[in-house]
Structures are given as C-alpha cells and as structure tokens.
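Here is the structure we will look at.
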Amino acid sequence: GIGMMGVSMGGIETWMAASVDPRIKVTVPIIAAQSFNWSLENNKWQGRAGTIQATHQQAAKDLGDAAVNKENVKKVWDKVIPGITGEFDCPSMIRIFAPRPLLLLSNEKDLNCPLRGALLAFDAATGAYRSKNALDKLKTNVTPNEPHRLTPGHVVMTVDWFVKWL
Numbered sequence: 103g104i105g106m107m108g109v110s111m112g113g114i115e116t117w118m119a120a121s122v123d124p125r126i127k128v129t130v131p132i133i134a135a136q137s138f139n140w141s142l143e144n145n146k147w148q149g150r151a152g153t154i155q156a157t158h159q160q161a162a163k164d165l166g167d168a169a170v171n172k173e174n175v176k177k178v179w180d181k182v183i184p185g186i187t188g189e190f191d192c193p194s195m196i197r198i199f200a201p202r203p204l205l206l207l208s209n210e211k212d213l214n215c216p217l218r219g220a221l222l223a224f225d226a227a228t229g230a231y232r233s234k235n236a237l238d239k240l241k242t243n244v245t246p247n248e249p250h251r252l253t254p255g256h257v258v259m260t261v262d263w264f265v266k267w268l
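At position 161 of the sequence shown (counting the first as 1) the number is 263 in our numbering, and the numbers step up by one without a gap.
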C-alpha cells in the first residue's frame, strides 16, 4: 500500500489527495489539518495568509482594497484551492478517508493552523471513524507549546504509524 505524509502545505495536499485517492492506504498530515472557514469566521486567518503575504497584498491591491482583509483572503484561498473555504475544507474532506489509518498531528501554538480550527477537523474525523467502527485506525496528537513547525516527535510518531499500518 501507499503511505503519504506531508508537512504544512504538503500536509494539506496529503489530506486532500488521500481523501479522493483510494490507493493511499495510510496518511499523516502534519501541521495541516484545520478549517479554513473557521479561520476566516474567527479572525484567525493572518498566520496562514502571512505564508504567501506578497500574493495577498497584490490581490488586495487588484481588488481595490487598501489592505489585506478577510474578504480578499477568502478570494485568494478559493482561487488557489477552489472550495477550500467550503465543501473542500478539511473537516469535510478528512471524513472521506475513513476507515483507512490516519494520524493527525498539530501544534498548540500554530498560528497557520489554529488549534480550534484543527480540532474541528479532528472531531469530523472522529465522527467518521466512529461511524465505520474504525477508531483504532485514527490517532490525533497536539504538541503543547509549539508553533507552526515540524518537531522530532512528529517524525517519530509518523514513522511508528507507517511501521504499524504499512
């Protein structure tokens, strides 16, 4: 079987690909599970938007806005990944992966993937795995006091997950 992992944007690509490609048997998105919509609705979009700041600044200018704001950030996100703030947001897509083994790794102080938005994705996955009697194939972990970065613990947990399920 195929195992797939990714970090940050690579993690977003991982949960998106794994949700729609049944060849991917085991998945580990790291610092990537979140709700883009939650970030917008709760004024927590700045961290993620800051990763492509020049793009957002140019979009704001092109749209006639004086500064980057929630509305033009949403337009950029939906242009870069159509549907990411709606039907293709992580809490919707992650459910599709059930019941294949899924390890979701987040960090408590991650401004790019705010914890409360990440927990929406975790909850959606938990509901899907519970409905398929597959909670043993789902694991979530939040590393305390860490920002948006890969940790040595993430690497260990990822390798262990792949060894267990592949």
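Note that beta-carbon positions come from the ideal geometry of N, C-alpha and C, so glycine has one too.
Item, Value
"Boundaries (first-last residue) of the alpha helix (DSSP H) holding T116", "111-122"
"C-alpha distance - D289 paired with A200, whole-angstrom precision", "Examination of residue 289 is not possible in this model, given that the chain is present from 103 through 268 alone."
"Cβ neighbour criterion (16 or more within 10 Å) applied to L165", "exposed"
"Cross-strand partners of L207 (DSSP beta bridge)", "I132, N243"
"Coarse secondary structure for I154, derived from DSSP in three states", "coil"
"Alpha-carbon to alpha-carbon, S121 and M195", "6 Å"
"Enclosing alpha helix (DSSP H) for W140 [first to last residue]", "138-143"
"Own chain residues within Cβ distance below 7 Å of P161, not counting five before or after", "As written in the sequence, residue 161 is Ala, which differs from the Pro given in the question. Hits under 7 Å: N174, K177, V178."
"D180 versus L240 - alpha carbon distance", "29 Å"
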